[in-house]
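Following: one structure in structure tokens, then a few remarks.
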Amino acid sequence: MTRRPATSLPLLGWLFLAVLYVATVYVTIVTRVQWGPDTAFHLAWTFRLLGDSEPEAVRRTVEFLADKDGIDCATSSLPWCHAENYQMYFAGDYAATVGPRVMTRLLSVPFVAVFGPWSMVALSVVAYAAGVACLAVLAARMFGPRWGLLAGALAITPWLAANWAVHANTEALAMAFTTAAMLALPLRRRTGWPDVVAFVVLLGFGLFTRQFAVSVTVGTALAWLVVAVRDRQVRNAWAPFAAAGVAATGAIVWVQGQMTASYAGSFSTFATYEANTGTKGLAEVAASVPATAARIVAGDWDHIRTDLVLTAVLLTTLLSVGWRFRSELSALVVGMIGTTLALNLIVNDDSIFRYHTPNYPVYVLAAVALLADLTAGRRPSTATESPPSGPPPETPSRVPVTAWVALGIGYLVLSLVLRNINIRKASVGSGPALADPIVATWPESATPILAYGAAVALVAWQGSRLWGRSGLVAGALMLVPTVMVPLARPDFLEPFAALAVAAGLCALPWQERAPRGGPFWFGSGVLLATALDPFAGVVVAGAFAAWATRLDRGARNPWAPYPLAGAIAIAVALGSRAASGRDLVSTAAGDPALVLAWIALASDFMVVAVVALVAVVGVRAWRDEPAVPLAFGAVAAALVLSMTADPVSGLRPVTALMPVLALAGAAAVARPLALRRAPVEAARAPQPSAGVAA
662 MTRRPATSLP
672 LLGWLFLAVL
682 YVATVYVTIV
692 TRVQWGPDTA
702 FHLAWTFRLL
712 GDSEPEAVRR
722 TVEFLADKDG
732 IDCATSSLPW
742 CHAENYQMYF
752 AGDYAATVGP
762 RVMTRLLSVP
772 FVAVFGPWSM
782 VALSVVAYAA
792 GVACLAVLAA
802 RMFGPRWGLL
812 AGALAITPWL
822 AANWAVHANT
832 EALAMAFTTA
842 AMLALPLRRR
852 TGWPDVVAFV
862 VLLGFGLFTR
872 QFAVSVTVGT
882 ALAWLVVAVR
892 DRQVRNAWAP
902 FAAAGVAATG
912 AIVWVQGQMT
922 ASYAGSFSTF
932 ATYEANTGTK
942 GLAEVAASVP
952 ATAARIVAGD
962 WDHIRTDLVL
972 TAVLLTTLLS
982 VGWRFRSELS
992 ALVVGMIGTT
1002 LALNLIVNDD
1012 SIFRYHTPNY
1022 PVYVLAAVAL
1032 LADLTAGRRP
1042 STATESPPSG
1052 PPPETPSRVP
1062 VTAWVALGIG
1072 YLVLSLVLRN
1082 INIRKASVGS
1092 GPALADPIVA
1102 TWPESATPIL
1112 AYGAAVALVA
1122 WQGSRLWGRS
1132 GLVAGALMLV
1142 PTVMVPLARP
1152 DFLEPFAALA
1162 VAAGLCALPW
1172 QERAPRGGPF
1182 WFGSGVLLAT
1192 ALDPFAGVVV
1202 AGAFAAWATR
1212 LDRGARNPWA
1222 PYPLAGAIAI
1232 AVALGSRAAS
1242 GRDLVSTAAG
1252 DPALVLAWIA
1262 LASDFMVVAV
1272 VALVAVVGVR
1282 AWRDEPAVPL
1292 AFGAVAAALV
1302 LSMTADPVSG
1312 LRPVTALMPV
1322 LALAGAAAVA
1332 RPLALRRAPV
1342 EAARAPQPSA
1352 GVAA
């Protein structure tokens, strides 16, 4: 039976996504701009719909945007900010481009009428949230609740994509319509004519929001073609969607052409490309396309690679497209990327991922599909999105070898990408970066990368021992940008401290059975970690919290020796540092640019996601999973230490905490799933016969 969308995620899952989204929106509004050049046109047209004359609408727009970051009309060189060019708002090429995008101004009218021009940002915030919700429902329906949770988180955490959630422009609204349209498609579900109608309506809304929505039509048509060739069936489930989509797109594009002609009679896409590229004639235009496309792709990559989460998602998406070549999702992605790039050629400039943002949920879905295949032990080369038939196959309890290999390759690839990124504030992992190398040679920076890689492997191994396949989440959560970005810096000791913490955690009595020599090995790990990075000592507070949650089993429960062993180790480590004359809190080689406030650390949305996951979902497993109180205690100690230490660096406490937070995050995911599976497994278990019972 197909899962109903309303129950696709548990309530705690929705609460986690809501907390994560609110936190990231707040940080983005505080740290980034909400206004861009196109905002002026959308706001002026909105004022026009509210009854203002054209001159009055322009005047109010320019006055409002006079001092807004991103436009600053009072001092800007943008032509439409100056009185002699005010006619550009409602006539000419710019008006011809913005004019057909009627949905943005129509939906902005009630916001602006009630709350004023600032509320155009609210429309984007609401629209992006709707898109994330649709994606979570779709991924959960296709692959299960935990994958819906992952898809929703991956839509929020990349700063370069989520930046458009608070931008007064068309991207967030277009993303909402695109993702909602995906819900109607035959992606692992059977469909009917009501689904076709819903798809066409949502596609139409998308086209009247942003013309790039034609990529949805092309992707759907390509998916139909792939299924027709693969299954040797022209009249397949995708045929009505492709046919209706092409027909609706043709009609809407014709209507938009008539609208464009009323704003600028001589407007021509071909002429725009000629003007932007300096070419003339069909031959020169055709010859310039490869170089233009290469320049756009290279420019976008320079921006994308500064966002670790987005880089990971897109690289996984490209791998998914190639490996899952029989899949309808792969066809959708290829059609969308190709069409977006083709339309981007007209602009002749990189988009900073702006033009791809409406399609980003589909990219996430393709990446999640590959991860779901690998985790379940399925062969991606045979995967499709056809409706399932029969009972679902049994999934392995342990992590398949392919999933381990994928985690290792992903870590190495991201490490290679990050070698060529210079981040001035190294602890702001997912913030803007300069694309200049900071290390001269690979051998110089290999050691910290290998050390942290070993920490990732240890945490993933420990997680798989405790929670089976769900334990792989722990390894993935270790790859937060705040920690990953500085790995190319050989002068940082934090990766080695993280390895020592991860090794010490393996000696804890996770399943109430104390390993032989456990306190000694835990204390040894804490001693080494604290000697390298004093912030690592906070893990002892976590061990104390885990012991305290088990006081109902007596003060001498299996966790009792561990806080004492850790405290002795901290005393020895800090005493040796003090005796040698070293600063007790300064662990880096000395870079004043690392000093930052917690709001800057919160710019790493993946750190926010991990903390929110533990705080919102993991709290249910407080008494059952020691990893959760371990994380709460360690985080509390880190906060206290950060308030007393000067300077405060986000890098140091986060690196030391990541093994603890990663295991707690895996527990937060695994425990609710175990609770959901228990009734099912109990029902499947063979019941003793009456004779045996007697």
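Remember, the numbering used here sits 661 above the position in the sequence shown when you count from 1. Just so you know, even glycine gets a beta-carbon here, dropped at the ideal spot from N, CA and C.
- DSSP, reduced to helix, strand and coil, places H828 outside both helices and strands of the structure shown, so it counts as coil.
- Of the candidates L1002, R1040, I965 and D961, R1040 places its Cα closest to the Cα of S981.
- Linking A1292 to R985 through their CA atoms gives a straight-line distance of about 37 Å.
- For L1140, the number of other beta carbons within 10 angstroms of its own is at least 16, and it is reported as buried.
- Proximity to T852 across L811, G880, N897 and V890 peaks at N897, based on C-alpha coordinates.
- Counting C-beta atoms within 10 angstroms of its own C-beta, A756 has 16 or more neighbours from the protein chains shown and is therefore classed as buried.
- Contact between F869 and V763 holds: CB atoms are separated by about 5 Å, below the 8 Å threshold.
- Secondary structure at L863: helix, using DSSP grouped into helix, strand and coil.
- Between W1171 and P1287 the beta-carbon gap is near 6 Å, inside 8 Å, which marks them as a contact.
- The stretch 917–995 is shown to contain whole alpha helix (DSSP H) runs of 4 or more residues at 930–938, 942–965 and 969–984, in chain order.
- Within 10 angstroms of the beta-carbon of K729 lie 16 or more other beta-carbons, which makes it buried.
- Per DSSP, reduced to three states, the secondary structure at E724 is helical.
- Non-local C-beta neighbours of V857 in its own chain, meaning closer than 8 Å and more than five positions away in sequence, comprise A845, P901, F902 and A905, ordered along the chain.
- The three-state reading of DSSP puts Y1021 in helix, counting H, G and I together.
- DSSP places S1047 outside any alpha helix (DSSP H), giving it a letter other than H or E.
- For Y682, the enclosing alpha helix (DSSP H) stretches over residues L672 to T692.
- In this structure W808 does not touch A1044 by the C-beta definition: roughly 14 Å separates them, more than the 8 Å allowed.
- Using a Cβ distance threshold of 8 Å, V1066 and E989 do not count as a contacting pair.
- Comparing alpha-carbon positions, the option among R802, A955, V1277 and M749 lying closest to N1009 turns out to be A955.
- Under the Cβ criterion (8 Å, minimum of three pairs), the stretch 781–798 does not count as touching the stretch 945–955.
- With the rule of 3 Cβ pairs closer than 8 Å, the stretch 1153–1168 does not count as touching the stretch 1325–1332.
- Just so you know, the alpha carbons of F866 and A1273 end up roughly 34 Å apart.
- Rounded to the nearest whole angstrom, the CA to CA distance from V1199 to L1075 is 28 Å.
- Contact annotation: the stretch 880–895 does not touch the stretch 1010–1019, with fewer than three C-beta pairs closer than 8 Å.
- Taking C-beta atoms as the reference points, A800 and L979 fail to come closer than 8 Å.
- Taking one beta carbon from each stretch, the stretch 730–738 and the stretch 690–708 have 3 or more pairs nearer than 8 Å; the two touch.
- Setting aside the 5 residues that flank it on each side, P778 is surrounded in the same chain by L704 and F725, each with a C-beta closer than 7 Å to its C-beta; the list follows chain order.
- Residue burial is scored here from C-beta neighbours: W854 has fewer than 16 other C-beta atoms within 10 angstroms and is therefore classed as exposed.
- An exposed status is given to R893, since fewer than 16 other beta-carbon atoms sit within 10 Å of its beta-carbon.
- Closest option to A1204, judged by alpha-carbon separation, among G1165, L784, L1189 and R1214: G1165.
- If the five residues before and after N1005 are omitted, its C-beta is found closer than 7 Å to the C-beta atoms of I957, S1012 and Y1016, all from its own chain and listed in chain order.
- Only buried fits R850, as 16 or more other CB atoms lie within 10 angstroms of its CB.
- Ranking M1145, A1297, P761 and S1237 by CA distance to the CA of A922 puts P761 first.
- Residue V1269 holds the alpha-carbon nearest to the alpha-carbon of V680 among D1285, D713 and V1269.
- Taking the CA atoms as reference points, R871 sits about 48 Å from G1294.
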